[in-house]
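S.K.:
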Amino acid sequence: MVLPKGKEISRMEIITNAENRKELIKALAGHFGQRSEYLGPPSFAYRIGSITVDRDAKVILEDDSMEDEVRRVLFQNDVAEETQEPQTEETEAEIKIPIGDMTPQGIINLINMMHSKQYLINRASGRECISITDTLTDALAERAFENTEEAVRFITGQGGCRGVTFKDGNIDFTGFPHTDSMMEYCRLASAMVKKASEQKRVNPKQTIEENEKYYMRAWLVSIGFGGSEGKETRSFFLKGLKGHTAFRTPEDAEKWKANRRAERGTTVCSE
12 MVLPKGKEIS RMEIITNAEN RKELIKALAG HFGQRSEYLG PPSFAYRIGS
62 ITVDRDAKVI LEDDSMEDEV RRVLFQNDVA EETQEPQTEE TEAEIKIPIG
112 DMTPQGIINL INMMHSKQYL INRASGRECI SITDTLTDAL AERAFENTEE
162 AVRFITGQGG CRGVTFKDGN IDFTGFPHTD SMMEYCRLAS AMVKKASEQK
212 RVNPKQTIEE NEKYYMRAWL VSIGFGGSEG KETRSFFLKG LKGHTAFRTP
262 EDAEKWKANR RAERGTTVCS E
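Counting from 1, position 44 in the sequence shown corresponds to residue 55 in this note's numbering; the numbering is continuous, with no gaps.
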């Protein structure tokens, strides 16, 4: 496309209240006569030509000259635009947990666990609370430590670890927001440290999945938040995530629905 001299294309975003993202994507693709392309992780977005619909159903336009037409499509499909409330800067909390008798492997397990689940934790918290780099986990995999102090010194010197520090014999979680729900973050931090201390090894591979609720729930249960006693904590960390807790994939959900329909269809009622 050739632009007139002095003409610039600017990017814009439209935040929507669409509950069914797939229907929104279908409507945009049908209107503009273009196929949608699924981009996969980590964005889980769909692209329709120069339009992108992200995982939160936000519509991103590479060319703002399309704005009016896109808004008409949204209006015709009963999708409203949401206004963004001004964000207030949250103060960060500091959660201190004694290192105690944690072994070097326990410290490594904690770093690997946070690296593995940082995407889900950050999504659940609505901010970047934890950031552990691949470089750090790779470096830890290649080292052996004689004692915990040596492991802590290495991590501190290596860097690539935001949201948690090791100081004065404590593990300091510094990235969680200071809110009225502070106790839930304290429970999470404590559970991570406890589980890391107990495990022989923790895989650092990141969990970045579209069905956030399913994988977050499974992990929360695995670190001690199962049953009725963990329900409040599970609910807190799952409430802002996408997906379904009972089914890993949409296909699993459809299979369950089909089986239920089949069961109802074969039910015999006696007179």
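Ideal placement from N, C-alpha and C gives every residue a C-beta, glycine not left out.
State the Cα-Cα distance for the pair Arg66 and Thr176, rounded to the nearest angstrom.
M.R.: Looking at the two C-alpha atoms, the distance is approximately 32 Å.
S.K.: Taking just the CA atoms, how far does Leu39 sit from Ala162?
M.R.: Their backbone Cα atoms lie some 53 Å apart in a straight line.
S.K.: What would DSSP say about Met113, mapped onto helix, strand or coil?
M.R.: Correct three-state label for Met113: coil.
S.K.: Tell me whether Pro109 is buried or exposed, calling it buried when 16 or more other Cβ atoms sit within 10 Å of its Cβ.
M.R.: With fewer than 16 other Cβ atoms within 10 Å, it is exposed.
S.K.: What does the Cβ neighbour count give for Leu14, buried or exposed, with the cut at 16 atoms within 10 Å?
M.R.: Here the model assigns Leu14 a pLDDT of 38, short of 50, so the residue's position is not dependable and the matter cannot be decided.
S.K.: Please report how far the alpha carbon of Asp89 lies from the alpha carbon of Asp191, in whole angstroms.
M.R.: Cα-Cα distance, rounded: 35 Å.
S.K.: Grouping DSSP H, G and I as helix and E and B as strand, with all else coil, what is Glu220?
M.R.: Here Glu220 sits in coil by DSSP.
S.K.: Going by DSSP in three states, Asn181 sits in which element: helix, strand or coil?
M.R.: In the structure shown, Asn181 sits in a strand (DSSP, three-state: E or B).
S.K.: Kindly list the residues whose CB is nearer than 7 Å to the CB of Lys242, restricted to its own chain and excluding five residues on each side of it in sequence; keep chain order.
M.R.: Nothing listed; no residue qualifies.
S.K.: Pull up the distance between the alpha-carbon of Gln169 and that of Thr27, whole angstroms please.
M.R.: Spanning the two alpha carbons is a distance of roughly 42 Å.
S.K.: May I have a chain-ordered list of the alpha helix (DSSP H) segments no shorter than 4 residues that lie completely inside the region 113-145?
M.R.: If we require 4 residues or more, the alpha helix (DSSP H) runs fully inside the region 113-145 come out as 115-136.
S.K.: Return the bridge partner residues of Tyr49 from the DSSP annotation.
M.R.: According to DSSP, which records beta bridges pairwise, Tyr49 is partnered with Tyr57.
S.K.: Does DSSP classify Glu103 as helix, strand or coil?
M.R.: Three-state result, Glu103: strand.
S.K.: State yes or no: is the C-beta of Thr185 within less than 9 Å of the C-beta of Gly171?
M.R.: Contact: no.
S.K.: If you count every other CB in all the chains shown that lies within 10 Å of the CB of Glu223, and 16 or more means buried, which is it?
M.R.: Classification for Glu223: buried.
S.K.: Which residues in the same chain have their Cβ closer than 8 Å to the Cβ of Thr159, if we skip the five residues on either side of it in sequence?
M.R.: Within the same chain, Thr159 has close Cβ partners Ile110, Met113, Thr114, Pro115, Gly117 and Ile118.
S.K.: How long is the line joining the alpha carbons of Arg138 and Arg58, rounded to whole angstroms?
M.R.: Distance between the alpha carbons of Arg138 and Arg58 is about 25 Å.
S.K.: I'd like to know whether the C-beta atoms of Glu220 and Gly254 end up nearer to each other than 9 Å.
M.R.: Yes; because the gap between Cβ atoms is below 9 Å, this pair is in contact.
S.K.: Give the single residue among Cys197, Phe247 and Lys205 whose Cα lies nearest to the Cα of Glu103.
M.R.: The option with the nearest alpha carbon to Glu103 is Cys197.
S.K.: In whole angstroms, what is the alpha-carbon distance linking Glu24 and Ser239?
M.R.: About 41 Å.
S.K.: Count the other CB atoms, across all protein chains shown, that sit within 10 Å of the CB of Glu153; report buried if there are 16 or more and exposed otherwise.
M.R.: Flag for Glu153 reads exposed.
S.K.: Can you give me the C-alpha to C-alpha distance between Thr146 and Glu157, rounded to a whole angstrom?
M.R.: Answer to the nearest angstrom: the Cα atoms are 21 Å apart.
S.K.: Starting from Glu24, trace the beta strand (DSSP E) in both directions and tell me its first and last residue.
M.R.: Looking at the DSSP string, the run of the beta strand (DSSP E) that includes Glu24 is Met23 to Ile25.
S.K.: With DSSP run on the structure shown, which of helix, strand or coil describes Ile166?
M.R.: Helix.
S.K.: Less than 9 Å between the beta carbons of Phe187 and Ile106, yes or no?
M.R.: Going by C-beta atoms, Phe187 is nearer than 9 Å to Ile106.
S.K.: Between Trp230 and the rest of its own chain, which residues show a CB-CB distance below 8 Å, the 5 nearest in sequence each way excluded?
M.R.: Counting only Cβ-Cβ distances below 8 Å, and skipping sequence neighbours, we find Lys128, Leu131 and Thr218.
S.K.: To the nearest angstrom, report how far apart Leu199 and Gln87 are at their CA atoms.
M.R.: Roughly 44 Å between the two C-alpha positions.
S.K.: Is Ala200 near the ligand ADP, with its Cβ less than 8 Å from a heavy atom?
M.R.: Summarising the ligand content, the structure contains no ligands, and the ligand ADP is consequently not present.
S.K.: According to the Cβ coordinates, are Val64 and Arg22 closer than 9 Å?
M.R.: No. Outside cutoff.
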